[in-house]
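Residue numbers (our numbering): 41 to 220. The next block holds one structure in the form of structure tokens; read it before the comments.
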């Protein structure tokens, strides 16, 4: 199962190290950027599950970076983590599209909780996955593959279809009547 990705754009090494440690402990794959422009380059090819941005970056304003990232990926969850704690900055960050705004100093555990909350909200409203998960089985219909404990299983086309039918219909299966 693929871990959810967090891109952290933070130019202060100590803060970045603390957040990377905490986020990895929570099971996230974290990529750190000290500058914003490399994030834009990478975002043209792919997007993370969540973006954490500082406002005061050496090469581009975090606010401008947020605008450009959301132009590329409108549904990207963005959390600002910055020393700029004035109300005008918080409002600006939220108005340009950020989902959350946390001022420094901060609690790393709270930041992790906010990231999980953003992901829950995104998952709640995203389109259904083509992968059906039942226990430790994953049935990937578009790829016609099944795995058990993340290990791919080899099935014939008919075995795959039979398993798919029984697992998709599972909630509608009626148990046999019991004789008393």
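Note that the Cβ used here is the ideal one computed from N, Cα and C, for glycine as well.
Euclidean distance between Cα positions of residue i and residue j
i, j, result
"residue 134", "residue 72", "22 angstroms"
"residue 69", "residue 83", "16 angstroms"
"residue 95", "residue 80", "15 angstroms"
"residue 204", "residue 89", "29 angstroms"
"residue 67", "residue 44", "8 angstroms"
Residues sharing a beta bridge with residue i, DSSP
i, result
"residue 173", "178"
"residue 226", "Because the chain is modelled from 41 through 220, residue 226 falls outside the range shown and cannot be assessed."
"residue 186", "179, 193"
"residue 101", "96"
"residue 143", "122"
"residue 150", "Per DSSP, none; premise fails for residue 150."
"residue 70", "46"
Counted within 10 angstroms of its Cβ, other Cβ atoms place residue i as buried (16 or more) or exposed
i, result
"residue 76", "buried"
"residue 213", "Low confidence applies here, because residue 213 scores a pLDDT of 49, under 50, leaving its location unreliable; read the following figure in that light. So residue 213 ends up on the exposed side."
"residue 154", "buried"
"residue 178", "buried"
"residue 189", "exposed"
"residue 118", "buried"
"residue 186", "buried"
"residue 61", "exposed"
Start-to-end residues for the beta strand (DSSP E) that takes in residue i
i, result
"residue 192", "191-193"
Whole-angstrom C-beta distance between residue j and residue i, which should lie under 8 angstroms
i, j, result
"residue 49", "residue 105", "7 angstroms"
"residue 120", "residue 151", "Residue 120 to residue 151, Cβ: 11 angstroms. No contact."
Unbroken alpha helix (DSSP H) run spanning residue i, endpoints
i, result
"residue 56", "53-65"
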